[in-house]
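**Student:** In my numbering, the protein residues as written are 269 to 900. Virtual Cβ for every residue (Gly too), placed ideally from N, Cα, C. Encoded as structure tokens, here's the structure I'll be asking about.
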Amino acid sequence: MTRWIPAAAIAVFVLGAPAAYAQTPKDARPSRHAFPAGSIEGRVLDDNQSPVAGAMVSVVGRTTAAASTDREGRYTLRELPYGPYILSVHSRGYFKSRGRTVQLTTSKVSLPEIQLSRARKTPVLMPVPAPVAEAPAAQVTQLAGFGVEASQDTPKPVPVEHAEQEAAEDGETAWRLRHLPRSILKDSAGAVWTEEDEEDVSPRWLARHSGAAMVPIAFFSDLPLSGQVNLMTIDSFDSPGEIFAENGPRSVAYVSVNTQAAGGAWSMQGAMTQGDLSSWIVAGSYKSIESANHAYELGLSYSTQRYDGGNAAALGAIRESARNVGSVFGYDEWTVSPRLVLGYGTEYARYDYLGGPGVWSPRFSVTVPLDGFRVKALASRKVLVPGAEEFAPSVTGLWLPPERTFSSLAYDGRFRPEETRHMQVEIERDLAAGVTVSVRGFDQRVDHQLIEIFDVVPGRNETPLGHYYVATAGDLDARGWGAGMTHEVPGYVRGTIEYTVATAYWDPNSDMTMARAVRTMPLTSNEKVHDLQTSIEATIPQTATKVYARYRVNSAFWSSEPDAMMRASANTRFNVRVNQSLPFLRFSNADWEALLDIRNMFREADVESSVYDEAFAVRAPKRIVGGLLVRF
């Protein structure tokens, strides 16, 4: 009972805050973070640099919005949450603009002028087969001086009183074609298909008049596509002198394509690398954006890893020289009413090196939005397979293919997955000036807690930094509470801090041999774990620089030599990433950025994970990533 007293005290403080700090109720649909709002503005012009009035400008991203241009061709889209958007422009009599990606990171983003191409009213004469062309065959042969019998395709004659009016409106070429000598077998009356500009050949018009073979081209030309291309170099090191090791850096290519169609946002990603460790990963996802009551999210991924190097441990672990992993997931947030939101879904993954059927990871949540605060309940079952972090697509970090090999320390060489059953209740309170505080209590049951060892293991040969060993630590129950705060300065910075304390009750009947062998201190039946995490996301508009930093301290991290053959390990984890825009390379609609990322965090933080998941990654090496990003 005493471990709940601090949580109850914080809950009383949060719920008892003065009513003057309470804000109006927000959207009932819950979100992981509160985003500040900004606006996007610009101007739409035509081929002659004249403003286009009444054009429809729409964006798709964290939300959907639309606005029309005024007499000066100007538009403004307001109250848009920060994030990426796909912007497109439509106007009658003009071709649709190509979708472009807009990163909204400040309170106001002004875009360059958008130019629309005017659609011709009359088609362009092209040497296409007669059955495909819009002009009937009778007109073509009549123009050549040959008579044909009338058919249903022959247009009705134009009255004489309108002939002179049409002649005045057409050009000289059309007038001369209409007055060519006629065949003696036909009357002089008859319409002739003419063109006013032979050089103006529109690709979109060709797509419409080239038959079924051009349908796919016309389909993709109307989609607002955007994407990203990353060319990166990766290296792992334990000390600065290892950065330029002989077998250190590896190159990675990453491509993503996004679009909006069928009431949702579609995304596809792919990454690959070659060398001693060749691997690749592809994934796709769909997220509904038009449904008012449901927020569906579906996706799948497939990745493979092949090793051709000389590491005996890796060659012995990777059977048939390759590992393959596939997964699918589906989640939904159903807004039953303004006071009730249900979240549910599951993920299924199949690991060929694990053997047997695949693993399921379902989750269920309930959110009750009230005036100024939200009450949330969560129940989940998460199955973590050894090496899964190498194959799973990243959610918040960099997208990289499998980059490390691993093997089991078990006597039979088999892998056993970790299973975490997690339940928690959380209360969030919105305060003034974009401040949100939260408090939660949780309970976990963990079977087969995983340990990853990146250093020398007694009785094993020394392994390079690109390989690690996996073992099972035992079973445990954990109960605890946490408190956090989030503060945002719109357009500049967003910071979070969270403190968690938990008491772990280890099962003495489980196999804890490996855990006791690598722990700094003896593993007792009860252990209190303190964890402090903080992160900051900053945008510097003056230099177009974005900075992300995360720092974590945990009492369960190793801080001294647990074994004579194992070196010391830091008791902190960090991740720093910098994106610097390169405006001098912006010679098209693409945005160029330089990237630098350095980290020693092994996994991404997740409230549904075991309290020991990051702590039991023994001496995880530092990883540095640098490269060039091109967004289009």
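Secondary structure at T764, three-state DSSP: helix, strand or coil?
**Tutor:** Indexing the sequence shown from 1 puts residue 764 at position 496. DSSP places T764 in strand when its eight states are reduced to three.
**Student:** Could you compute how far the alpha carbon of A701 sits from the alpha carbon of L668?
**Tutor:** Within the sequence shown, numbered from 1, the residue matching residue 701 stands at position 433. Within the sequence shown, numbered from 1, the residue matching residue 668 stands at position 400. Between A701 and L668, the C-alpha separation is close to 37 Å.
**Student:** Three or more C-beta pairs under 8 Å: does that hold for the region 354-374 against the region 556-571?
**Tutor:** As far as the Cβ criterion goes, the region 354-374 does not touch the region 556-571, which means the pair count is below three.
**Student:** Run the CB neighbour count on N498, radius 10 Å, all protein chains shown included, and call it buried at 16 or more, exposed below.
**Tutor:** Position 230 of the sequence shown, counting from 1, holds the residue named residue 498. So N498 ends up on the buried side.
**Student:** Would you mind sorting N777 into buried or exposed? The rule is 16 or more other CB atoms within 10 Å of its CB.
**Tutor:** Here residue 777 refers to the residue found at position 509 of the sequence shown. Burial call: exposed.
**Student:** Quick test of the definition: if touching needs 3 or more C-beta pairs under 8 Å, does the region 765-774 touch the region 740-756?
**Tutor:** Taking 8 Å as the limit for Cβ pairs, the verdict is that the region 740-756 does touch the region 765-774.
**Student:** Are the beta-carbon atoms belonging to T344 and A335 less than 8 Å from one another?
**Tutor:** The count along the sequence shown starts at 1 and reaches residue 344 at position 76. The count along the sequence shown starts at 1 and reaches residue 335 at position 67. Their beta carbons are under 8 Å apart, which means T344 touches A335 by this criterion.
**Student:** How long is the line joining the alpha carbons of L853 and D600, rounded to whole angstroms?
**Tutor:** Sequence index remark: in the sequence shown, residue 853 carries index 585 (1-based). Sequence index remark: in the sequence shown, residue 600 carries index 332 (1-based). Using only the alpha carbons, I get a separation of about 41 Å.
**Student:** In its own chain, which residues sit with a C-beta less than 6 Å from the C-beta of V597, not counting the 5 before and 5 after it?
**Tutor:** As a first step, residue 597 is located in the sequence shown; it is residue number 329 there, counting from the start. Note that residue 597 corresponds to Phe in the displayed sequence, not to Val. Hits under 6 Å: G567, E615.
**Student:** With a Cβ-Cβ cutoff of 8 Å, do S375 and G306 count as a contact?
**Tutor:** To locate residue 375, count along the sequence shown from 1; it is residue 107. To locate residue 306, count along the sequence shown from 1; it is residue 38. Yes, these two residues count as a Cβ contact at 8 Å.
**Student:** DSSP on A435, reduced to helix/strand/coil?
**Tutor:** If you number the sequence shown from 1, residue 435 lands on position 167. With a pLDDT of 45 at A435, under the threshold of 50, the modelled position of this residue cannot be trusted, and the question is left open.
**Student:** Classify G734: buried if its beta carbon has 16 or more other beta carbons within 10 angstroms, exposed otherwise.
**Tutor:** What you label residue 734 is simply residue 466 of the sequence shown in a count that begins at 1. Its Cβ being crowded by 16 or more others within 10 Å, G734 is buried.
**Student:** Between the beta-carbon of V523 and the beta-carbon of G543, is there less than 8 Å?
**Tutor:** Within the sequence shown, numbered from 1, the residue matching residue 523 stands at position 255. Within the sequence shown, numbered from 1, the residue matching residue 543 stands at position 275. Cβ distance not < 8 Å, so V523 and G543 don't count as in contact.
**Student:** Considering only the beta carbon of each residue, do N843 and R867 sit closer than 8 Å?
**Tutor:** By one-based count along the sequence shown, residue 843 stands at place 575. By one-based count along the sequence shown, residue 867 stands at place 599. Yes, these two residues count as a Cβ contact at 8 Å.
**Student:** According to DSSP, is F659 helix, strand or coil?
**Tutor:** Within the sequence shown, numbered from 1, the residue matching residue 659 stands at position 391. In the structure shown, F659 sits in a helix (DSSP, three-state: H, G or I).
**Student:** Quick one: grab the DSSP three-state call for G895.
**Tutor:** For the purposes of this step, residue 895 is identified with residue 627 of the sequence shown, where counting begins at 1. Strand.
**Student:** What is the rounded straight-line gap between the Cα of R493 and the Cα of T369?
**Tutor:** Within the sequence shown, residue 493 is the residue found at index 225, counting from 1. Within the sequence shown, residue 369 is the residue found at index 101, counting from 1. Note on residue identity: the sequence assigns Leu, not Arg, to residue 493. Roughly 9 Å between the two C-alpha positions.
**Student:** For F597, which residues does DSSP report across the bridge?
**Tutor:** On the sequence shown, position 329 is the one that residue 597 refers to. In the DSSP output, where bridge partners are listed per residue, F597 has G567, E615.
**Student:** State the Cα-Cα distance for the pair G367 and P809, rounded to the nearest angstrom.
**Tutor:** On the sequence shown, residue 367 is found 99 positions in, with the first residue counted as 1. On the sequence shown, residue 809 is found 541 positions in, with the first residue counted as 1. Taking the straight line joining both Cα atoms gives about 24 Å.
**Student:** Checking the sheet assignment: what are the DSSP bridge partners for Q383?
**Tutor:** The residue labelled residue 383 in the question sits at position 115 within the sequence shown. Q383 pairs with L313.
**Student:** In terms of residue numbering, what span does the beta strand (DSSP E) encompassing L850 cover?
**Tutor:** Here residue 850 refers to the residue found at position 582 when the sequence shown is read from its first residue. Segment: none, L850 is in no beta strand (DSSP E) and carries neither H nor E.
**Student:** Starting from R684, follow the beta strand (DSSP E) in both directions and report where the run begins and ends.
**Tutor:** Position 416 of the sequence shown, counted from the first residue, corresponds to residue 684. Segment: none, R684 is in no beta strand (DSSP E) and carries neither H nor E.
**Student:** How would you write the range of the beta strand (DSSP E) that V875 sits in, first residue to last?
**Tutor:** By one-based count along the sequence shown, residue 875 stands at place 607. No beta strand (DSSP E) holds V875; DSSP gives it neither H nor E.
**Student:** Within 10 angstroms of its Cβ, does Q528 collect 16 or more other Cβ (buried), or is it exposed?
**Tutor:** As a working mapping, residue 528 is identified with position 260 in the sequence shown. By the 10 Å Cβ count, Q528 comes out buried.
**Student:** Can the beta-carbon of G626 be found less than 8 Å from the beta-carbon of R618?
**Tutor:** Within the sequence shown, the letter at position 358 stands for residue 626. Within the sequence shown, the letter at position 350 stands for residue 618. Yes; because the gap between Cβ atoms is below 8 Å, this pair is in contact.
**Student:** Could you check if R682 is buried or exposed, using at least 16 other CB atoms within 10 Å of its CB as the buried criterion?
**Tutor:** As a working note, residue 682 is residue 414 in the sequence shown. The residue in question, R682, is exposed, as its Cβ has fewer than 16 Cβ neighbours within 10 Å.
**Student:** Assuming E882 is part of the beta strand (DSSP E), what are its boundary residues?
**Tutor:** Taking the first residue of the sequence shown as 1, we reach residue 882 at position 614. Premise fails: E882 is in no beta strand (DSSP E) and is neither H nor E.
**Student:** Residues bridged to W774 by DSSP?
**Tutor:** Against the sequence shown, residue 774 aligns to sequence position 506. Answer is L744.
**Student:** I think T840 touches F825, with their Cβ atoms under 8 Å apart; what is that distance to the nearest whole Å?
**Tutor:** Within the sequence shown, numbered from 1, the residue matching residue 840 stands at position 572. Within the sequence shown, numbered from 1, the residue matching residue 825 stands at position 557. Their Cβ separation, rounded to whole angstroms, is 7 Å, which keeps T840 and F825 in contact under 8 Å.
**Student:** Would you tell me roughly how many angstroms separate the C-alpha atoms of R705 and Y362, rounded to the nearest one?
**Tutor:** The residue given as residue 705 occupies position 437 in the sequence shown. The residue given as residue 362 occupies position 94 in the sequence shown. A small fix is needed here, since residue 705 is Val in this sequence, not Arg. Between V705 and Y362, the C-alpha separation is close to 50 Å.
**Student:** I think D859 touches S849, with their Cβ atoms under 8 Å apart; what is that distance to the nearest whole Å?
**Tutor:** As a first step, residue 859 must be located in the sequence shown, where it is residue number 591. As a first step, residue 849 must be located in the sequence shown, where it is residue number 581. At roughly 7 Å, the Cβ-Cβ gap stays under 8 Å, so D859 and S849 are in contact.
**Student:** Assuming contact is defined by CB atoms lying nearer than 8 Å, are I308 and L384 in contact in what I supplied?
**Tutor:** Position 40 of the sequence shown holds residue 308. Position 116 of the sequence shown holds residue 384. No; because the gap between Cβ atoms is not below 8 Å, this pair is not in contact.
**Student:** Just to check my reading of the structure: S878 and E657 have Cβ atoms closer than 8 Å, yes? What is that Cβ distance to the nearest angstrom?
**Tutor:** Translated into the one-based positions of the sequence shown, residue 878 becomes position 610. Translated into the one-based positions of the sequence shown, residue 657 becomes position 389. Actually they are not in contact, since the Cβ atoms of S878 and E657 sit about 13 Å apart, beyond 8 Å.
**Student:** Hey, out of G495, G763, N794, L622, whose CA is closest to V525's CA?
**Tutor:** As a first step, residue 525 must be located in the sequence shown, where it is residue number 257. For V525, the nearest C-alpha among the options comes from G495.
**Student:** Between L348, R339, G894, which has its C-alpha nearest T332's C-alpha?
**Tutor:** Counting from 1 along the sequence shown, the entry for residue 332 is found at position 64. Closest option to T332, Cα to Cα, is L348.
**Student:** What first and last residue would you give for the beta strand (DSSP E) that runs through S904?
**Tutor:** Lying outside 269 to 900, the shown extent of the chain, residue 904 is not represented and no answer is given.
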